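> The structure's right below; bear with me while I get my questions together.
2 protein chains.
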Amino acid sequence: MRYLIFILWSSAAFAQQKPLDFVKPFIGTQDAGHTYPGATVPFGSIQLSPDTDTILFAVNGAYQPNVYRYCAGYQHADSTIVGFSHTHFSGTGHSDLGDVLLMPNRGSIQWNPGTAAAPEKGYRSVYHHDEVAQPGYYGVYLNEIGVKAELTATQRVGVHRYRFDDGAPGHFILDLTHGIYNYDGKNVWCFLRVENDTLLTGYKQTNGWGRTRTVYFAIATSVPLSAYQIKDFKPSMYKGFWRKFDTEHQFAEGAGEGLKAALFFGEAKEVEFRVALSGVSIEGALLNLQTEAPKSGFSAYYSAAQEQWNEAFSVVQDANFLHLDDQSNFYTAWYHSLLGSSIYMDVDGRYRGLDQRIHQADGFTNYTTFSLWDTYRAAHPFLNLFYPKQDADMIESMQQHYTQSVHHMLPIWSHYANENWCMIGYHAVSVMADAVVKENPYLKDPSRFLKAAHSTANQRFYEGLGAYIDLGFVPEDQSGSSVSKTLEYAYDDWCIAQLASKLKADSLARVYQSRAENYRNVFDLQTGFMRPRLTNGNFKTQFDPLSTHGQGFIEGNAWNYSFYVPQQPLSLIALMGGEQRFIAHLDSLFEMELPDAYFAQTEDIMREGIIGNYVHGNEPSHHIAYFYNFTAQPWKTQATTRMILAKQYSLKAAGMGGNDDCGQMSAWYLFTALGLYPFAPGSPDYQLTAPLVKDATLQLDNGQTLRIKTLHNSDKNVYIQKVSFNGQQLQKPVLSHQELLKGGELLFELGPKPAKKAFQKP
Amino acid sequence: MRYLIFILWSSAAFAQQKPLDFVKPFIGTQDAGHTYPGATVPFGSIQLSPDTDTILFAVNGAYQPNVYRYCAGYQHADSTIVGFSHTHFSGTGHSDLGDVLLMPNRGSIQWNPGTAAAPEKGYRSVYHHDEVAQPGYYGVYLNEIGVKAELTATQRVGVHRYRFDDGAPGHFILDLTHGIYNYDGKNVWCFLRVENDTLLTGYKQTNGWGRTRTVYFAIATSVPLSAYQIKDFKPSMYKGFWRKFDTEHQFAEGAGEGLKAALFFGEAKEVEFRVALSGVSIEGALLNLQTEAPKSGFSAYYSAAQEQWNEAFSVVQDANFLHLDDQSNFYTAWYHSLLGSSIYMDVDGRYRGLDQRIHQADGFTNYTTFSLWDTYRAAHPFLNLFYPKQDADMIESMQQHYTQSVHHMLPIWSHYANENWCMIGYHAVSVMADAVVKENPYLKDPSRFLKAAHSTANQRFYEGLGAYIDLGFVPEDQSGSSVSKTLEYAYDDWCIAQLASKLKADSLARVYQSRAENYRNVFDLQTGFMRPRLTNGNFKTQFDPLSTHGQGFIEGNAWNYSFYVPQQPLSLIALMGGEQRFIAHLDSLFEMELPDAYFAQTEDIMREGIIGNYVHGNEPSHHIAYFYNFTAQPWKTQATTRMILAKQYSLKAAGMGGNDDCGQMSAWYLFTALGLYPFAPGSPDYQLTAPLVKDATLQLDNGQTLRIKTLHNSDKNVYIQKVSFNGQQLQKPVLSHQELLKGGELLFELGPKPAKKAFQKP
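Quick mapping for you: the protein sequence lines, in order, are chains Y and H.
First residue of the first sequence: 248, per our numbering; consecutive thereafter.
First residue of the second sequence: 248, per our numbering; consecutive thereafter.
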């Protein structure tokens, strides 16, 4: 709807450049980005995408899961496609999902995927990168078997179209055992019924990152089945009385740990599948199917998916860049920022909760996949600014997770009715505080959030939290990564304090304001770094501030993590010896030349994800470039952020230096490209930098329009000379959320040299 | 309610002898009876009973399931009790269930049950048969640990009370991996949450006889947990991020294939558990708990359970026997006849269907456990006569099974939302026909039953049915047990014909009347036996009419099975050479002396289950003793049934010569003791014999009272001299259901010698 209005308003030239045309879903699909190229809608429950490997490969004769490389099931440089499965994380550093794989084939049935080295021995197919990926669409030609495969999706239904070239009749493998990170024993149980000749139902249940997870499905076909086989490749020791029947040919029900099916459609040259998923039940999957995709017709679903994307992109009424590449990076980052979390409920609002019970979403939309250690930083603030309804629904989903948590905790990493406990901190409180402080109008009864945050922050069993409460820091001898934990708990506690203050819960606010100071307890004046301490209070000896392993940190070293005091930047500057020493120290972070060996072991990023000793490919540093704004040299923020944008984001499949991490890397790009950054979520303020965007017109949810404009923007003119908001010159490189929401024009005058008087000293 | 009225009516002497006092639940618990002694209510969803072994034992170094011996989890001669679990079949010849085991212990935690030879090395306990079993109650003193354990139940909640003698503090093992027929891999998944210090929830999911089966539970404790441990003894290869925590001590959630828990209650000397089960969900289990057993109080639940039994037994207003033993046998058989099928739905009417979806029972009560090959013969006719509402609900459950069946079939052996395909035939049609022909007033829209029966009888994939339809018999070279199948299909087809006739579907009636003649196709005039044929039409050579193996029969030999034409007894008599030859042949069945070797391989019965060559311990012969009624010598029915009653039923734990088979053996006893037998269910007629009962007063559901009286009944006076119904002498040893329902007095005059003129010739 919004998009249609925008078309009328825009110039004829612009009208030819639809936002969707700039989106390149292949960005990040090679190496560490861990994005997927498949078809999905904004926050889609279905992420229907090709898997290019099945994650098990032989090491020393034993099969080992390649957890990392195939987090999204796809590596762009691979030469074979195993099949098309319906669920994928976007940009994670751990893997799961890949549910309900369909794959066309010809000739005799190949029951196993085979290997990339010998694809002809399995059901996988060679492809020659004759691929098209768009928001809501993926198409590929499978050379080995002569089949054009196309995918699109509704919110809860994956839609496939397969067109066979002339030749031997085709068939399909439905491999319920397929999955991403598919170690032996991951598949717990499968159930499959051929309800009639155009409808299959069932479920598959897995163990793994999501420990207790069941995906129910209903599969409708456009062509009646002419024959089918269901086969259990991990049969139980107990055969039961099914042994009396030929259960493998046209026997309409199967169950077991290793279930696969082969589906035949006579001589049909074109077959469509509509695959509805549900986390609730088979009934739920059928309801989703009947509601969202009651009949065949690939093209209509494709159009509808793209219309959903147009609607989502209508927030960006206009965005112009110096270079077309930047425009594509920007729109692709925007696209990726809407893939991090997924709607996780049936069309009737029923969903499976953390307690494994079925709940009714009462007045909200339930979401899953909260990679909060990543996304609290910029991804949620991005949604809070441009998609506040969705962010509020995600927060309500976190709140419901808390009510369902037997541990009385908000989510750490929420994952399809599971808590997978990945990473550290309790950053849901940051997302909540950020939305409450910024007065997100869609939140309901935030006092509940405070109660949940307070409960979460006092679970002594959790990751050194008992000791942190007692001692003011996590001792490394009690809980590893102790400095990262201490710093992040302190920041999170500050968030709870902000939440409490906003809600006038003053005594709680004081408690957490005090805990927010705990970063001081791990600062070592002697080395000038944050440094692990032991229960006895001593700093740990054998301390290497460059190493990322065994030093008290996670996904970062002491160099990077020592800047992790977003809640009290000026205090950190003082602690580090005052502004001059701080600036020099910060400069050196970006300028150090370090041997590769230091990074060989760094988790989750490519060598390209590092600039000097600054690690952009991991999240703990994402605020660091903005630290200059708190000194007398804010222009260094401007130059540094431009440099990072240029070095860390490109249009290549390997264009991301680290995991997109459910949109966090992309959200950093978007904020920075627009000249804003939420330095400390939970604060209403954005730090300003020189925008990459020449100009942008953004439709805010409250009906206001925000125009970000630059004057003299160029590759060399990266320094802010002056910023004004609605004609009023800003004295500091800061703008509050409440100001932004008024809409109007944020005008940056840029120039080739630092304008040292552009702002007052902080 | 009925019971209270009955007390007022009965004599003072009788009032001291409550029906419940005569019930001996230990009957059948030793050797082949396969009944359990535990606590349950009529048709109870909970069968809370001690398990004396866990069914795995070592054979040649490999553990093997002892499927048969521990079908009910209990053998009375055993000296140890493993624990108390909540679900048990009554009298089956195959095993499953045994869900959610609780067991008290003392001292250090024993996680495994251990062996009967070394019980001190496991959590099992020695007991010295200090046991009490009553309807709705089981109590035992566990000598090894000094604990009095008592069990009772509501419909959906098992209630436990444990009293510890002084000594070391006790604790409990909650073993979710325990099960009956517990082979490696049977446990698919378990989930357990400690919701708070008096409530645990979760589920366990099994494979096995019920291939895809999940039991959800909610466990409330009378004393708060002081500590607990949850441990997974079959941990997944993937450890996830739970490895960061001590998940074994006071970590409130566990999931895995091998989950057990240890529960501590400080120094508490008495602990009660209320364990609600559901086939639907954890929410369902909680609802069942809150509705049926919201608070502690063992005694109240015990009283309520016995009140339910009193209500069920109020049908028998009076029943007197020559011997007290007979009285106990009679009431125990009555008790067992109400344990065969179980209610399978939550208090709100929701249940899991065969399609694994959740359904709402609309206007009926859903049941599971239909061992139809056994129970169609007498167990269902018994319910149809005395508990027509329950029988109608069971029939509706079968009809719903059909609507949920992807195979479009009525149940063969329906089992907790599974079809286990055990045994042969499609005898649900018999149960339906019997109820329709007898005009059970609680049936709704019987035309649906005819449609379901017709569909079931035409599924060509099923057990030689395609060939049967084409050839008129099942060829042994296409499907084993071919004669048994042919004979039973023919009988079932006659049932469908009766159903169709009653519903005025004349053309269908003709089709099935014709199919009902198919028994003729396997009768071998040369040998005089039913005999397997091959596809080419030839009789199979190498035919041994005494053997039960590989001869075309199941649970019977040609001798016994050749009488299996209940639908056309006179035609069979003619086929066998006329009445004289038939009687001589039938006499010899009971009188043959056969070497033990013939029975060594006979399934499902003890040597004691056989009289001559007549096998009472298996079901195919159950009508045979009544065959004399169709000859000029009905007095042989009278003598033979008395003999069988005396030889096959006793008060010992080993008092049943074969499996009770969900009440079929008991129902045979009850009918025969009352002087009636449903020779061909689907016919409105009962065959009469000399009652064992001296007199009985039976409250019929329609408000009428039926009095069965005998004159001169004694151990020697077993021959009917005359029978009259409401003063009218009967000319044949037959009475129709419609006559019986009128109530009144059925008077048998008995004498020491056959009264050859008591009846007209048939």
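The C-beta atom is built at its ideal place from N, Cα and C for all residues, glycine as well.
Note that the structure is a prediction, hence the values are computed from the model and not measured.
1) Which residue's Cα is closest to the Cα of serine 728 of chain H: H/Leu750, H/Gly797, H/Phe617?
2) Measuring only the C-alpha atoms, how far is threonine 445 of chain H from valine 404 of chain H?
3) Is there a Cβ from chain Y that is less than 7 angstroms from the Cβ of arginine 403 of chain H?
4) Can you give me the C-alpha to C-alpha distance between aspartate 640 of chain Y and aspartate 593 of chain Y, rounded to a whole angstrom?
5) Contact defined as beta carbons within less than 8 angstroms: I believe lysine 787 of chain Y pairs with glutamate 723 of chain Y. What is the distance between those atoms, to the nearest angstrom?
6) Going by DSSP, what residue range makes up the beta strand (DSSP E) through phenylalanine 419 of chain H?
7) Lysine 883 of chain Y: buried (16+ other C-beta within 10 angstroms of its C-beta) or exposed?
8) Looking at the strands, I want to know which residues DSSP matches up with methionine 890 of chain H.
9) Hey, is arginine 490 of chain H's beta-carbon within less than 7 angstroms of any beta-carbon in chain Y?
10) List, in order along the chain, the chain Y residues whose C-beta lies closer than 7 angstroms to that of tryptophan 620 of chain H?
11) Report the three-state DSSP secondary structure of glutamine 895 of chain Y (helix, strand or coil).
12) May I ask which residues mark the beginning and end of the alpha helix (DSSP H) holding tryptophan 581 of chain Y?
13) Determine whether the Cβ of glutamate 530 of chain H lies closer than 7 angstroms to any Cβ atom of chain Y.
14) By the three-class DSSP mapping on this structure, what secondary structure does leucine 506 of chain Y have?
15) Can you tell which of H/Gln637, H/Asp602, H/Gly864 has its C-alpha closest to the C-alpha of asparagine 613 of chain H?
16) Can you name, in chain order, every residue of its own chain whose Cβ lies under 6 angstroms from the Cβ of glutamate 500 of chain H, other than the five neighbours on each side?
17) Could you work out which residue in Y/Tyr808, Y/Thr782, Y/Arg780 is closest to proline 792 of chain Y when comparing CA atoms only?
18) Let me know if lysine 1000 of chain Y comes out buried or exposed under the rule of 16 or more other beta-carbons within 10 Å of its beta-carbon.
19) According to DSSP, simplified to helix, strand and coil, what is leucine 921 of chain Y?
20) Checking 7 angstroms against the spacing of the C-beta atoms, do glycine 868 of chain H and isoleucine 801 of chain H come in under that value?
21) Can you find the residues in the same chain that come closer than 7 angstroms, C-beta to C-beta, to glycine 285 of chain H, ignoring five residues on each side of it along the sequence?
22) Apart from the five residues just before and just after alanine 540 of chain Y, which ones in its own chain have a Cβ nearer than 6 angstroms to its Cβ?
23) Are three or more beta carbon pairs between the segment 948-956 of chain H and the segment 928-936 of chain H nearer than 8 angstroms?
24) Looking at C-alpha atoms only, which residue of H/Ser326, H/Gly330, H/Thr339, H/His333 is the closest neighbour of arginine 316 of chain H?
25) Pull up the DSSP beta-bridge partners for alanine 699 of chain H, would you.
26) What would DSSP say about phenylalanine 770 of chain Y, mapped onto helix, strand or coil?
27) Report the three-state DSSP secondary structure of cysteine 669 of chain H (helix, strand or coil).
28) How is the alpha helix (DSSP H) around serine 818 of chain H delimited, first residue to last?
29) For the beta strand (DSSP E) that contains phenylalanine 464 of chain H, what are its first and last residues?
30) Which residues in the same chain as alanine 305 of chain Y place their Cβ atom closer than 7 angstroms to its Cβ, once the five residues preceding and following it in sequence are excluded?
31) Taking the straight line between their C-alpha atoms, what separation do you get for arginine 828 of chain Y and arginine 624 of chain Y?
32) Can we count alanine 552 of chain H as close to the ligand FMN, meaning its CB is less than 6 angstroms from some heavy atom?
33) I want to verify the contact list: residues of chain H whose CB lies under 8 angstroms from the CB of histidine 654 of chain Y, in sequence order.
34) Check this for me: beta carbons of glycine 449 of chain Y and arginine 353 of chain Y, under 7 angstroms apart or not?
35) Look at the alpha carbon of phenylalanine 877 of chain Y and the alpha carbon of leucine 619 of chain Y, and state the distance between them as a whole number of angstroms.
36) Is it true that the segment 686-697 of chain H meets the segment 474-491 of chain H, where meeting means three or more beta-carbon pairs spaced less than 8 angstroms apart?
On the basis of the data shown:
1) Taking the second sequence and counting its residues from 1, one reaches residue 728 of chain H at position 481. For serine 728 of chain H, the nearest C-alpha among the options comes from H/Gly797.
2) Locating residue 445 of chain H in the second sequence gives position 198, where the first residue counts as 1. Locating residue 404 of chain H in the second sequence gives position 157, where the first residue counts as 1. Each residue's Cα considered, the two are about 16 angstroms apart.
3) Counting from 1 along the second sequence, the entry for residue 403 of chain H is found at position 156. Closer than 7 angstroms: no.
4) Here residue 640 of chain Y refers to the residue found at position 393 of the first sequence. Here residue 593 of chain Y refers to the residue found at position 346 of the first sequence. When rounded, the distance between both Cα atoms is 15 angstroms.
5) Locating residue 787 of chain Y in the first sequence gives position 540, counting from the first residue. Locating residue 723 of chain Y in the first sequence gives position 476, counting from the first residue. Going by Cβ atoms, the distance from lysine 787 of chain Y to glutamate 723 of chain Y rounds to 5 angstroms, so yes, they are a contact pair.
6) Position 172 of the second sequence, counting from 1, holds the residue named residue 419 of chain H. Taken as a continuous stretch (DSSP letters only), the beta strand (DSSP E) holding phenylalanine 419 of chain H covers 417-422.
7) Locating residue 883 of chain Y in the first sequence gives position 636, where the first residue counts as 1. That one is buried.
8) The count along the second sequence starts at 1 and reaches residue 890 of chain H at position 643. None; methionine 890 of chain H has no bridge partner.
9) Looking up residue 490 of chain H in the second sequence gives position 243. No, arginine 490 of chain H does not count as interfacial toward chain Y.
10) Start at 1 with the first residue of the second sequence, and residue 620 of chain H comes out as number 373. Those do not exist, as tryptophan 620 of chain H stays about 12 angstroms from chain Y at its closest Cβ, beyond 7 angstroms.
11) Sequence index remark: in the first sequence, residue 895 of chain Y carries index 648 (1-based). Looking at glutamine 895 of chain Y - three-state DSSP - the assignment turns out to be helix.
12) As a position in the first sequence, residue 581 of chain Y is number 334, starting the count at 1. Taken as a continuous stretch (DSSP letters only), the alpha helix (DSSP H) holding tryptophan 581 of chain Y covers 571-584.
13) Residue mapping note: residue 530 of chain H aligns to position 283 of the second sequence, counting from 1. True, the Cβ-Cβ gap to chain Y drops below 7 angstroms.
14) Position 259 of the first sequence, counted from the first residue, corresponds to residue 506 of chain Y. It is a strand residue.
15) For this step, residue 613 of chain H is matched to residue 366 along the second sequence. Checked all of H/Gln637, H/Asp602, H/Gly864; the closest Cα to asparagine 613 of chain H is H/Gln637.
16) Locating residue 500 of chain H in the second sequence gives position 253, where the first residue counts as 1. Within the same chain, glutamate 500 of chain H has close Cβ partners Arg440.
17) Counting from one through the first sequence, the residue named residue 792 of chain Y turns up at place 545. Nearest option by C-alpha distance: Y/Tyr808.
18) Within the first sequence, the letter at position 753 stands for residue 1000 of chain Y. So lysine 1000 of chain Y ends up on the exposed side.
19) Residue 921 of chain Y sits at position 674 when you count from the first residue of the first sequence. Leucine 921 of chain Y falls in the helix class under three-state DSSP.
20) Here residue 868 of chain H is taken as the residue at index 621 of the second sequence, counted from 1. Here residue 801 of chain H is taken as the residue at index 554 of the second sequence, counted from 1. The residue you asked about is not glycine; residue 868 of chain H is serine in the sequence shown. Not closer than 7 angstroms, so no.
21) The residue given as residue 285 of chain H occupies position 38 in the second sequence. So the qualifying residues of the chain are Gln294, Leu295, Ser296, Pro297, His335, Tyr385, Leu398.
22) Sequence index remark: in the first sequence, residue 540 of chain Y carries index 293 (1-based). Excluding sequence neighbours, alanine 540 of chain Y sits near Thr401, Val404, Arg521.
23) no
24) Translated into positions along the second sequence, residue 316 of chain H becomes position 69. Of the candidates H/Ser326, H/Gly330, H/Thr339, H/His333, the one whose C-alpha sits nearest the C-alpha of arginine 316 of chain H is H/Thr339.
25) Residue numbering aside, residue 699 of chain H sits at position 452 when the second sequence is read from its first letter. In the DSSP output, where bridge partners are listed per residue, alanine 699 of chain H has none listed.
26) For the purposes of this step, residue 770 of chain Y is identified with residue 523 of the first sequence, where counting begins at 1. Strand.
27) Within the second sequence, numbered from 1, the residue matching residue 669 of chain H stands at position 422. The answer is coil: DSSP assigns cysteine 669 of chain H none of H, G, I, E or B.
28) Translated into positions along the second sequence, residue 818 of chain H becomes position 571. First-last of the alpha helix (DSSP H) with serine 818 of chain H: 816-822.
29) Here residue 464 of chain H refers to the residue found at position 217 when the second sequence is read from its first residue. Start and end: 460-468.
30) Residue 305 of chain Y sits at position 58 when you count from the first residue of the first sequence. With a pLDDT of 46 at alanine 305 of chain Y, under the threshold of 50, the predicted position of this residue should be treated as unreliable, and no value is reported.
31) The residue labelled residue 828 of chain Y in the question sits at position 581 within the first sequence. The residue labelled residue 624 of chain Y in the question sits at position 377 within the first sequence. Looking at the two C-alpha atoms, the distance is approximately 26 angstroms.
32) Looking at this structure, you won't find the ligand FMN or any other ligand, since it has none at all.
33) The sequence position of residue 654 of chain Y within the first sequence is 407, counting from 1. What histidine 654 of chain Y touches in chain H: Ala499, Glu500.
34) In the first sequence, the residue the question calls residue 449 of chain Y occupies position 202. In the first sequence, the residue the question calls residue 353 of chain Y occupies position 106. Their beta carbons are not under 7 angstroms apart, which means glycine 449 of chain Y does not touch arginine 353 of chain Y by this criterion.
35) Mapped onto the first sequence, residue 877 of chain Y falls at position 630. Mapped onto the first sequence, residue 619 of chain Y falls at position 372. The alpha-carbon atoms of phenylalanine 877 of chain Y and leucine 619 of chain Y are separated by roughly 26 angstroms.
36) no
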